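Here the structure is laid out as structure tokens; the discussion comes afterwards.
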Amino acid sequence: MSAFMSVFASLVEGLADLLEPLFQASAAAAAIVLFTAFVRLLVHPLSRAAARGQRERARLQPQIAELRKKHKKNPEKLQKAVMELHAKEKVSPLSGCLPSLFQLPAFFLLYHLFSNSTIGGEANALLAHKLLAAPLGGRWADALGDGGVFGARGLVYLGLFVVVACVATFNYRRTKRQMATTQVTAAGSGEQQVPGMGAVLKFMPLMSFMTLFTVAFVPLAAALYVVTSTTWSAVERAVLYRDMPGASPLAAAAG
Numbered sequence: 378m379s380a381f382m383s384v385f386a387s388l389v390e391g392l393a394d395l396l397e398p399l400f401q402a403s404a405a406a407a408a409i410v411l412f413t414a415f416v417r418l419l420v421h422p423l424s425r426a427a428a429r430g431q432r433e434r435a436r437l438q439p440q441i442a443e444l445r446k447k448h449k450k451n452p453e454k455l456q457k458a459v460m461e462l463h464a465k466e467k468v469s470p471l472s473g474c475l476p477s478l479f480q481l482p483a484f485f486l487l488y489h490l491f492s493n494s495t496i497g498g499e500a501n502a503l504l505a506h507k508l509l510a511a512p513l514g515g516r517w518a519d520a521l522g523d524g525g526v527f528g529a530r531g532l533v534y535l536g537l538f539v540v541v542a543c544v545a546t547f548n549y550r551r552t553k554r555q556m557a558t559t560q561v562t563a564a565g566s567g568e569q570q571v572p573g574m575g576a577v578l579k580f581m582p583l584m585s586f587m588t589l590f591t592v593a594f595v596p597l598a599a600a601l602y603v604v605t606s607t608t609w610s611a612v613e614r615a616v617l618y619r620d621m622p623g624a625s626p627l628a629a630a631a632g
């Protein structure tokens, strides 16, 4: 693991060196943004597959509604019948989770890289890099202790919080619209809501705002990855799900 982290650190340093003429002291931060974009491009085929899967699941809703009526007194038979239908139609109910799962290793790589003072037995030179005035290995608490909310370092975090809040608000409004469409469709088909699902659905649109806590508590480099990836996701979903007003709110709210 140590050798792998050394190689990864060297790659980030090399990319930062290439970008230094354009971004000067913030070259490493620009390298992280570029790295995030590269990861998202690699994951994009999975995102497209997830969108196709969502369309297929939406297409199966009338059949699932019939199965609910047929097995309304036997939940086990209903679950088995739905699984058989998905298998028959070659539709995976978990496809929407794959893009997020495949991004986790990249996030934890950056988190680990900028949380350790040494990499491979040597001093971690990346910790000396900054985004404007804020060190990439620092956290919001460090910025608050050095100038406060409106200090030079604090303002960097305020900028990130504003971006996250704007993206979260966009996702919130979009998820609410999708949920309203889904609920109208379910009511029209006579479907009964799963017990406890109402509370989950009320909370679900707020999930996007949880990113604010992530940005506040992880190293700035990892926070920059989260902000870039979250913004990418919002744009990507708006494009991929633009013709699906009744898309699953779970797919829309996931980060």
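Position in the sequence shown (from 1) plus 377 gives the number in the working numbering. Ideal Cβ positions, reconstructed from N, Cα and C, are used throughout, including at glycine. Just so we're clear, the structure is a prediction, and the values are computed from it rather than from any experiment.
query: Closest to Ala404 by CA distance: which of Lys454, Ala511, Arg554 and Lys465 is it?
result: Ala511
field: Span of the alpha helix (DSSP H) around Lys449
entry: Note, Lys449: premise wrong, no alpha helix (DSSP H); not H, not E.
message: Contact defined as beta carbons within less than 8 Å: I believe Leu487 pairs with Tyr602. What is the distance between those atoms, to the nearest angstrom?
response: 5 Å
query: Can you tell me whether DSSP reads Leu537 as helix, strand or coil?
result: helix
query: Are there 16 or more other CB atoms within 10 angstroms of the CB of Leu503, so buried, or fewer, so exposed?
result: buried
message: Tell me which residue opens and which closes the alpha helix (DSSP H) that Tyr602 is part of.
response: Leu597 to Leu617
- request: Can you give me the start and stop residues for the alpha helix (DSSP H) that Ser424 sits inside?
  value: Ala404 to Arg436
message: With DSSP as the reference, identify every bridge partner of Ala483, one or two as the case may be.
response: Note: Ala483 sits in no beta bridge, so no partner.
- request: Would you check if there are 3 or more beta carbon pairs closer than 8 Å linking the stretch 592-607 to the stretch 508-526?
  value: yes
task: Count the C-beta pairs between the stretch 610-619 and the stretch 541-552 that are closer than 8 Å, then say yes if the count reaches three, no if not.
output: yes
message: Suppose you measure from the CA of Trp609 to the CA of Pro452; what does that come to, to the nearest Å?
response: 39 Å
- prompt: How many Å lie between Lys449 and Met460 at the Cα?
  reply: 16 Å
field: Where Leu455 sits in the DSSP three-state scheme
entry: helix
- request: Report the rounded CA-to-CA distance for Leu388 versus Phe400, giving the unit in angstroms.
  value: 17 Å
- prompt: Cβ atoms of Val541 and Thr607: under 8 Å apart, would you say?
  reply: yes
In DSSP terms, what Pro476 is bridged to: Note: Pro476 sits in no beta bridge, so no partner.
task: Assign Gly575 to one of two classes, buried (16 or more other C-beta atoms within 10 Å of its C-beta) or exposed (fewer than that).
output: Below a pLDDT of 50, predicted positions are generally treated as unreliable, and Gly575, at 45, falls in that range; the measurement from the model is reported next regardless. Classification for Gly575: exposed.
- prompt: What is the rounded straight-line gap between the Cα of Gly536 and the Cα of Ala407?
  reply: 15 Å
field: Straight-line gap, Ala380 to Leu395 (C-alpha atoms, nearest Å)
entry: 23 Å
query: What's the C-alpha gap between Met410 and Arg432?
result: Looking at the sequence provided, one finds Val at residue 410 rather than Met. Whole-angstrom Cα-Cα distance: 31 Å.
query: Bridge partners of Ile496, per DSSP?
result: Glu499
query: In angstroms, rounded to a whole number, what distance separates the CA positions of Trp543 and Lys454?
result: It is Cys, not Trp, that sits at residue 543 in the sequence shown. Roughly 44 Å between the two C-alpha positions.
message: Is it buried or exposed, Val384, if we count other Cβ atoms within 10 angstroms and call 16 or more buried?
response: exposed
query: With a CB to CB cut of under 7 Å and the five nearest residues on each side skipped, what residues in its chain are close to Gln440?
result: Leu462
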